[in-house]
Amino acid sequence: MSDRQKSQYTESWPEESREAAQLVIDKYGEPDEITDSQLIWDKPGPWKRIVASKAFYQHNFPAPHQDAVESVIDYQVPVEKFSDLAEFDGSVMVERTTGEVSARCHDEQANFLALNLMHDIVTGAKSVEQARDYYAKEFADYRRKKPTPYMEKLRFSPADQNAADPDIRMLTDEDLEQAKREGELRH
Numbered sequence: 001m002s003d004r005q006k007s008q009y010t011e012s013w014p015e016e017s018r019e020a021a022q023l024v025i026d027k028y029g030e031p032d033e034i035t036d037s038q039l040i041w042d043k044p045g046p047w048k049r050i051v052a053s054k055a056f057y058q059h060n061f062p063a064p065h066q067d068a069v070e071s072v073i074d075y076q077v078p079v080e081k082f083s084d085l086a087e088f089d090g091s092v093m094v095e096r097t098t099g100e101v102s103a104r105c106h107d108e109q110a111n112f113l114a115l116n117l118m119h120d121i122v123t124g125a126k127s128v129e130q131a132r133d134y135y136a137k138e139f140a141d142y143r144r145k146k147p148t149p150y151m152e153k154l155r156f157s158p159a160d161q162n163a164a165d166p167d168i169r170m171l172t173d174e175d176l177e178q179a180k181r182e183g184e185l186r187h
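Residue numbering for the sequence shown follows the UniProt record's numbering, starting at 1 and increasing by one per position.
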């Protein structure tokens, strides 16, 4: 496949997001879904999905870069850990209802790093401060061409598809019918 064919989907994208998407194309091949603004791969490597987006976001932690590639896994995060993860890295997103966690960065290696540290925070192996310090160290070590074990692969097994948390029903069918009747009386 020529470079021209590989980048045809992103030729109208900004350079920042086009370059990030090309890294995914180079590793995993053609996307499974293509829109004007996103390329999506279903179950590539260890991921549930990868989404490369035309939109990119300026992110200054641990050094200025653009986030354009999101790597998603199934993972159930205890509700009491949500704030810690938000404090750790704004590009780590937790979806309680779907049972998914994702990291959005420039490349897969940075997403491995963010999600491995997310797991360390959830399991209590690292505090938020320790995880942020480690992220900065490994990010710099990558540029130093030193070993970066957290950037090589996921260091834990993602959950199965049962990580979803649909929450607890609070209104019965009878409650809903009563509310509907009350609403009809008001009009």
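Note that CB positions come from ideal geometry on N, CA and C, so glycine has one too. In this text, all values refer to a predicted model and were calculated from it rather than measured experimentally.
Quick check: V69 and I50, are their CB atoms within less than 9 Å of each other? yes
Taking 8 Å as the limit between beta carbons, can you name the residues of its chain near E177, skipping five residues before and five after? For E177, there are no CB contacts under 8 Å within the same chain when 5 residues up- and downstream are skipped.
Is it true that the CB of R104 sits closer than 9 Å to the CB of S71? yes
On the DSSP letters alone, give me the boundaries of the alpha helix (DSSP H) that Q58 sits inside. No alpha helix (DSSP H) holds Q58; the beta strand (DSSP E) holding it covers 49–59.
Same chain, Cβ closer than 7 Å to K81, five either side skipped, listed in chain order: I121, V122
K43: buried (16+ other C-beta within 10 angstroms of its C-beta) or exposed? exposed
Which full runs of the alpha helix (DSSP H) of 4+ residues lie inside the UniProt region "Disordered" (156–187), going along the chain? 173–186
So P158 packs on I73, CB below 8 Å; how close in whole Å? 4 Å
Report the partner residues of V69 according to the DSSP bridge assignment. A52, C105
Given Y57, which residues of its chain have a CB within under 7 Å of its CB, disregarding the five upstream and five downstream residues? Q66, D67
Using three-state DSSP, classify V77 as helix, strand or coil. V77 falls in the coil class under three-state DSSP.
Tell me the rounded alpha-carbon separation between I34 and G183. For the pair I34 and G183, the Cα-to-Cα distance works out to about 43 Å.
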